[in-house]
Every structure is written in C-alpha cells, then in structure tokens.
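Taken in order, these protein sequences are the chains called A and B.
At position 67 of the first sequence (counting the first as 1) the number is 68 in this note's numbering, and the numbers step up by one without a gap.
At position 12 of the second sequence (counting the first as 1) the number is 34 in this note's numbering, and the numbers step up by one without a gap.
In this text, a Cβ means the ideal position worked out from N, Cα and C, and glycines have one as well.
Down below is the structure, laid out as structure tokens.
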Amino acid sequence: DSQLAPGVSMGELDRIAQNIIKSHLETCQYTAEELQQLAWQTHSYEEVKMYQSKSREVLWQQCAIQITHAIQYVVEFAKRITGFMELCQNDQILLLKSGCLEVVLVRMCRAFNPLNNTVLFEGKYGGMQMFKALGCDDLVSAVFDFAKSLCSLQLTEEEIALFSAAVLISTDRPWLMEPRKVQKLQEKIYFALQHIMQKNHMDEDALAKLIGRIPTLAALCTLHTEELQAFQQLHPETVNVLFPPLYKELFN
Amino acid sequence: LKEKHKILHRLLQNSTS
C-alpha cells in the first residue's frame, strides 16, 4: 500500500482498476469469445447491396437504434463504477450525455477487424460501403479510420476498460458542479492505466499515443451532431417519430 | 439538467439491469 502521490496508494488504484475492469467485462455488449466466433462472419455481397438500397431515412433509423442500444450498455458500465456513482446526479448526467458516444466509439474497436476494415453491425461484419445510403461518407470513413488506429495500439481488455472510464470521467466537460472530484477520480484512473500499459507495452509512449486520440474522439462526436442536424432538417418526422427517445434526448 | 434528461435520469435511478 505504498504511496504514489499524496492521498493515492497502490492498493486504492488497484481497487479502482479492478472495479472498472469488472464493470467493463459485465457490460461490454459482446464478450471477447463471442467477437472471436463472429470474426470472419461478414455480410454477403447481396446483404451489402440490400443495405445500400435502403432509403436514407431507414438506414439512419437503423443506425440510431444500434447506437442507442450500445449507449444503454455504456450507462450500465458507468453505474457499476463506484467512483462514478459517488458523483452528484448533475455530474453523472452531464458526463454520460457528453461522453457516452465517445465510449461507444472506443468500445467499437473491439468489434472492428483491421485486417479487412470491417465492423460488426447487426450480427455480421461489414465494410464502409454498407453505410453508403446514410449520405455521410466523411463521418463513416473517419469512424473507420479511428477504429483502425485504435486497433493498431493493440489494447488489452483491461486497457480498453480503463481508457473508456477515463474518457467518460473527464474534466473537459463544461458545467460540472464538482470538477475537482471528477479530476481526482480521472487522475487515479490514468495512474492505473499507466501502470498497466507500462507492463504490457514495449512502447513507452503507448499511453501518450492513446491520449493523443482523444481530440479525434471529440471531433467525431461533433461531426455526428452536425450530420444529425442536417438530416433532421430534411427528415424531421423520421427523427421525431421513429428515432429512439434516448438518442433524441442525448443528441437532439 | 434532470428535467431535460428524463430518460437518462431514470436509467441512472433504476436498479441494475
């Protein structure tokens, strides 16, 4: 239980890390084994053509449903993190509202195959071309690029767990009521992540590289909001009537 | 914030699913 810094012991970091890793394993939507089994199940040529022939509204709705489903698992991830539930309700809502999509994007790298640039979507893997009908090629290709770059860091499940938590419990969100409390927790998570990454990676800069991806995560979320606003201008009834209520609450 | 995020607030309040 030696002290690493004032008020932080190795024992406490380990408890925080184990709690976060457990939460991640319980709420990650697909286990590593399930993903392994699905690995080379790709959508067929006919299935991809079927996605491409959908109307823009229908595919947007399908994607909104999948994103919302993933977000529900992220909410549960947060709820099982002891430190997160000790924050005030205002900050819990704020952190989830602003960070849930970023966490989904981090988690996405688990379900991304960098060997053929495919992502797990509705039960099988498919490439970017599957999403053509959305009409936001820039966003889709940026998301795929991000997933590929995250995969190249070869993060373990533990590292993905801790990095997801660090992205969620972020002091960069405006209007936090207790920013110092959030900062203390985030620092401990990064300490724990650093400790684990030093053991697992030859590259001393692995953590710095990972932190360096955070601006891209924020940019992807901004781009998503912009695309949604543009889509809603053209198809307000689709969004109002057919999109999941949680998706509208978070992004509208 | 709670008023504008009823669903999120409810998810946070509900017992673990």
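The beta carbon of A18 (chain A) sits closer than 6 Å to the beta carbons of A193 from its chain, once the five residues preceding and following it are set aside; these are given in chain order. Nearest C-alpha to F244 (chain A) among A:H44, A:G12, A:L60, A:R181: A:L60. Going by beta carbons, R57 (chain A) and A143 (chain A) fall outside the 8 Å limit.
Secondary-structure assignment with DSSP links T119 (chain A) through a beta bridge to A:N114. Distance from the CA of F252 (chain A) to the CA of Q93 (chain A), rounded to the nearest whole angstrom, comes to 17 Å. DSSP lists no beta-bridge partner residue for G124 (chain A). Following the DSSP letters along the chain, one finds L224 (chain A) inside the alpha helix (DSSP H) bounded by residues 215-235. By the criterion of a C-beta distance shorter than 6 Å, C101 (chain A) is surrounded in its chain by I72, V75, once the five residues flanking it on both sides are discounted. With fewer than 16 other Cβ atoms inside 10 Å of its own Cβ, E25 (chain B) counts as exposed. Under the Cβ criterion of 8 Å, Q233 (chain A) is not counted among the residues facing chain B. C29 (chain A) and R108 (chain A) do touch by the CB rule: their CB atoms are close to 7 Å apart, below 8 Å.
Within 9 Å of the CB of Q19 (chain A), no CB atom of chain B is found; the nearest one sits about 18 Å away. Under the Cβ distance rule, K98 (chain A) counts among the residues neighbouring chain B, one pair being separated by less than 8 Å.
In terms of Cβ geometry, I82 (chain A) and S24 (chain A) form a close pair [threshold 8 Å]. Linking M86 (chain A) to Y126 (chain A) through their CA atoms gives a straight-line distance of about 35 Å.
V168 (chain A) and E77 (chain A) do not touch by the CB rule: their CB atoms are close to 16 Å apart, not below 8 Å. Annotation: Cβ neighbours of V76 (chain A) in chain B (cutoff 8 Å, chain order): L30, L33, L34. Under the DSSP assignment, W176 (chain A) falls outside any alpha helix (DSSP H); it carries neither an H nor an E label. Within its own chain, the residues whose Cβ lies closer than 7 Å to the Cβ of G136 (chain A), once the five positions on either side in sequence are excluded, are R57, listed in chain order. For C101 (chain A), the enclosing alpha helix (DSSP H) starts and ends at 90-109. For F147 (chain A), the enclosing alpha helix (DSSP H) covers residues 138-152.
P115 (chain A) sits away from S165 (chain A), with the two beta carbons spaced by 8 Å or more. Residues of chain B with a Cβ closer than 9 Å to the Cβ of N91 (chain A) are, in chain order, L23, K24. T43 (chain A) has A:Y126 as its beta-bridge partners, per DSSP. If you draw a straight line from the Cα of E158 (chain A) to the Cα of I22 (chain A), it comes to about 8 Å. Think of a sphere of 8 Å around the beta carbon of I94 (chain A): the chain B residues whose beta carbon falls inside it are L23, K24, H27, L30, H31, L34, in chain order.
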